[in-house]
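A.B. asks: Top line first, the protein sequences correspond to chains A and B.
For what it's worth, my numbering labels the leading residue of the first sequence as 241, then goes sequentially.
For what it's worth, my numbering labels the leading residue of the second sequence as 241, then goes sequentially.
All residues carry an ideal CB built from backbone N, CA and C; glycine is no exception.
Pasting a structure below so you can have a look.
Number of protein chains: 2
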Amino acid sequence: MAQVEIVAVGRELVTGVVADTNSAWLAAQLTALGATVSRIVVVDDDPAAIAREIRAAHGLVITTGGLGPTLDDRTLAGIAAARRRRLVEHPAAIAFVERRYGELAAAGLVADGALTPPRRKMARVPEGAEMIDNPVGTAPGVFVDGVVALPGVPEEMRAVFAAALPRIRACLGPETYVAEREMQSGSGDESVLAAALERVTEEFPGVHLKSFATTFAPDCDLRIRITARAADREAAEALVGRAAARLEAELARVRSGQG
Amino acid sequence: MAQVEIVAVGRELVTGVVADTNSAWLAAQLTALGATVSRIVVVDDDPAAIAREIRAAHGLVITTGGLGPTLDDRTLAGIAAARRRRLVEHPAAIAFVERRYGELAAAGLVADGALTPPRRKMARVPEGAEMIDNPVGTAPGVFVDGVVALPGVPEEMRAVFAAALPRIRACLGPETYVAEREMQSGSGDESVLAAALERVTEEFPGVHLKSFATTFAPDCDLRIRITARAADREAAEALVGRAAARLEAELARVRSGQG
Numbered sequence: 241m242a243q244v245e246i247v248a249v250g251r252e253l254v255t256g257v258v259a260d261t262n263s264a265w266l267a268a269q270l271t272a273l274g275a276t277v278s279r280i281v282v283v284d285d286d287p288a289a290i291a292r293e294i295r296a297a298h299g300l301v302i303t304t305g306g307l308g309p310t311l312d313d314r315t316l317a318g319i320a321a322a323r324r325r326r327l328v329e330h331p332a333a334i335a336f337v338e339r340r341y342g343e344l345a346a347a348g349l350v351a352d353g354a355l356t357p358p359r360r361k362m363a364r365v366p367e368g369a370e371m372i373d374n375p376v377g378t379a380p381g382v383f384v385d386g387v388v389a390l391p392g393v394p395e396e397m398r399a400v401f402a403a404a405l406p407r408i409r410a411c412l413g414p415e416t417y418v419a420e421r422e423m424q425s426g427s428g429d430e431s432v433l434a435a436a437l438e439r440v441t442e443e444f445p446g447v448h449l450k451s452f453a454t455t456f457a458p459d460c461d462l463r464i465r466i467t468a469r470a471a472d473r474e475a476a477e478a479l480v481g482r483a484a485a486r487l488e489a490e491l492a493r494v495r496s497g498q499g
Numbered sequence: 241m242a243q244v245e246i247v248a249v250g251r252e253l254v255t256g257v258v259a260d261t262n263s264a265w266l267a268a269q270l271t272a273l274g275a276t277v278s279r280i281v282v283v284d285d286d287p288a289a290i291a292r293e294i295r296a297a298h299g300l301v302i303t304t305g306g307l308g309p310t311l312d313d314r315t316l317a318g319i320a321a322a323r324r325r326r327l328v329e330h331p332a333a334i335a336f337v338e339r340r341y342g343e344l345a346a347a348g349l350v351a352d353g354a355l356t357p358p359r360r361k362m363a364r365v366p367e368g369a370e371m372i373d374n375p376v377g378t379a380p381g382v383f384v385d386g387v388v389a390l391p392g393v394p395e396e397m398r399a400v401f402a403a404a405l406p407r408i409r410a411c412l413g414p415e416t417y418v419a420e421r422e423m424q425s426g427s428g429d430e431s432v433l434a435a436a437l438e439r440v441t442e443e444f445p446g447v448h449l450k451s452f453a454t455t456f457a458p459d460c461d462l463r464i465r466i467t468a469r470a471a472d473r474e475a476a477e478a479l480v481g482r483a484a485a486r487l488e489a490e491l492a493r494v495r496s497g498q499g
């Protein structure tokens, strides 16, 4: 099963000014593609910290944030350091940046479309990298050595992720399918459900069960999420179905006070 | 300056079912206390992964999630492994759990208040740990060897964080103060602002400047956040004030087309 790590970059994230919703979106997309996100790491706009996390990562790495024109946009420097590549101006990327600022200037959205040093900086990428189109912003995405670099503005991140999908799928290898079902437990007491979940988990090793509540409310009816993976969708659904039936029987025992 | 790492634990986080808003809340609190959050890591409910992150961390570690009664609540096992301590039943913790379930049973919120094995599990903590009160839930917080373990339910996490504050402050050492100011840039073009921000950053090395927009909109007026730290609040405010005045002069040049 393909493993992915997400590295989210930005001072606004490590200081709690903004919650890292980008990584949650990416994790949901990647999980739906059959990948396992083993780790999400949030670091400051610091090339050394970014490089450390990328070097330590296993599997595909997806970064978000730090591709813009300002001094503190330093993710590409971090990726270059991690992969021991120089930063070089990418011909297609420079053409892209020039075209985008030309369009913005023509629309009167920026004063002029000149390729200033900060704008040019966005096209300086690790040597050998491929450029990924950014249909909504000015900073291109980058793919190099198993690292996909996405912008940090959510709308741009989602658009560049979509543009990078063929490369991401190729890195993930054969797709696996995830089936999921949620059910009411009929109980508000997680400690009572624990034994029932444990019995089902033991019987279905590939299946994941999780009871959850979004707030502490012992009188609420806890929900249970059942997740299973398999090589095709039918097999995954069948596995979830069998686990759900078994769990239903266990829950009936709990509700009757025998759990 | 005190350094903190946050380790957020939960399958729901690495699969993107839930965004990690707990870490953002914690990061904001810790930043306001004068600490630097150098890293936020999100991992699955896996003791080995949790232990790996804690062992690799520098400074104070705050974990959130995985303290409940179910099988997949395994954060304390991860902390114990990282700190080479056994898990043992903590007398004050077991008394706490028993009292809480007694209260819930008396209120008719759970069927009975018995100390079942899953409930007892919440009081099995790394040997030598201190228990931290949980005024809103049933799982106690834990403090051991520079690790503070908080629950994952946001309401409980905040309450246990408040209860742990004296210990957290003691770990952070002498407080530093953070002053912050936001201003409009009068420009929607980050690449034009970059040079102005760079000049101010060079002149005020202790000051952090960041332009930001929450969406890609080149015609919007980007805001700039100025942050500075000092030993007391007055010094921090004065530093921000000087940097803001200098930036205002630079921005005036940008607006007049000379930037």
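#1: Within its chain, find whatever has a CB closer than 7 Å to the CB of residue 368 (chain B); leave out the 5 residues flanking it on each side and keep chain order.
#2: Based on the DSSP output, what are the partners of residue 470 (chain B) in its beta bridges?
#3: Excluding sequence positions up to five away, which residues of its chain have a Cβ less than 6 Å from the Cβ of residue 317 (chain A)?
#4: Applying the criterion that 16 or more other CB atoms from any shown protein chain within 10 Å of the CB defines a buried residue, is residue 489 (chain B) buried or exposed?
#5: So, helix, strand or coil for residue 245 (chain B), using DSSP?
#6: Give me the chain B residues within the contact set of residue 358 (chain A), using Cβ-Cβ distance strictly less than 8 Å, ordered along the chain.
#7: Could you tell me the distance, in whole angstroms, from the CA atom of residue 427 (chain B) to the CA atom of residue 359 (chain A)?
#8: Tell me whether residue 397 (chain B) sits in a helix, a strand or coil according to DSSP, three-state version.
#9: Taking the alpha-carbon positions, what's the residue 340 (chain A) to residue 461 (chain B) distance?
#10: What did DSSP end up calling residue 366 (chain A) once you bin it into helix, strand or coil?
#11: Could you tell me if residue 406 (chain A) is buried or exposed, where buried requires 16 or more neighbouring beta carbons within 10 angstroms of its beta carbon?
#12: Does the separation of the CB atoms of residue 381 (chain A) and residue 390 (chain A) fall below 8 Å?
#13: Mind checking whether residue 438 (chain A) and residue 308 (chain B) have CB atoms under 8 Å apart?
#14: Using three-state DSSP, classify residue 342 (chain B) as helix, strand or coil.
#15: Under 9 Å Cβ-Cβ, which residues of chain A neighbour residue 279 (chain B)?
#16: Would you say residue 350 (chain A) lies against chain B (beta-carbon separation less than 8 Å)?
#17: Could you please tell me which residues of the segment 244-268 of chain A, in chain order, have their CB closer than 8 Å to any CB of chain B?
#18: Pull up the DSSP beta-bridge partners for residue 424 (chain A), would you.
#19: In whole angstroms, what separates the C-alpha of residue 262 (chain B) from that of residue 394 (chain B)?
#20: Could you compute how far the alpha carbon of residue 499 (chain B) sits from the alpha carbon of residue 446 (chain B)?
#21: Rounded to whole angstroms, what is the Cα-Cα separation between residue 373 (chain B) and residue 302 (chain B)?
#22: Start and end of the beta strand (DSSP E) containing residue 381 (chain B)?
#23: Under 7 Å between beta-carbons, which chain A residues line up against residue 311 (chain B)? List them in chain order, please.
#24: On the three-state DSSP scale, how would you describe residue 300 (chain B)?
#25: Any contact of the segment 342-357 of chain B with the segment 263-274 of chain B, i.e. 3+ C-beta pairs under 8 Å?
#26: Tell me, which residues are paired with residue 279 (chain A) by DSSP?
#27: Does DSSP classify residue 496 (chain A) as helix, strand or coil?
#28: Which two residues bound the contiguous beta strand (DSSP E) that contains residue 520 (chain B)?
#29: Where does residue 548 (chain A) fall in DSSP's three states?
#30: Just to confirm before moving on: does the CB-CB distance between residue 281 (chain A) and residue 254 (chain A) stay below 8 Å?
#31: When the cut-off is 8 Å and only beta carbons count, does residue 271 (chain B) lie next to chain A?
#32: Using a cut-off of 8 Å between C-beta atoms, extract the partners of residue 452 (chain A) located in chain B.
#33: Does the beta carbon of residue 330 (chain B) sit closer than 8 Å to a beta carbon anywhere in chain A?
#34: Could you work out which residue in B:294, B:276, B:242, B:268 is closest to residue 249 (chain B) when comparing CA atoms only?
#35: Just the Cα atoms here: how many angstroms apart are residue 353 (chain A) and residue 432 (chain B)?
#36: Could you tell me which whole beta strand (DSSP E) segments of length 3 or greater appear in the segment 310-340 of chain A?
C.D. replies: Taking the definition as stated:
#1: 325, 384
#2: B:417
#3: 287
#4: exposed
#5: strand
#6: 430, 431, 432, 434, 435
#7: 15 Å
#8: helix
#9: 19 Å
#10: strand
#11: exposed
#12: yes
#13: no
#14: helix
#15: 254, 281, 282, 283, 284, 289, 293
#16: yes
#17: 251, 252, 253, 254, 255, 256, 257, 258, 259, 260, 261, 263, 264, 265, 266, 267, 268
#18: A:463
#19: 6 Å
#20: Caution applies to residue 499 (chain B), whose pLDDT of 49 falls short of 50 and renders its modelled position unreliable; the value that the coordinates give is listed next. If I take the Cα positions, the gap works out to 23 Å.
#21: 16 Å
#22: 381-384
#23: 434, 437, 438, 441
#24: strand
#25: no
#26: A:245, B:283
#27: coil
#28: Residue numbering for chain B in the displayed model covers 241 to 499; residue 520 (chain B) lies beyond these limits and cannot be assessed.
#29: The question about residue 548 (chain A) has no answer, for chain A in this structure spans 241 to 499.
#30: no
#31: yes
#32: 252
#33: no
#34: B:294
#35: 11 Å
#36: 327-329
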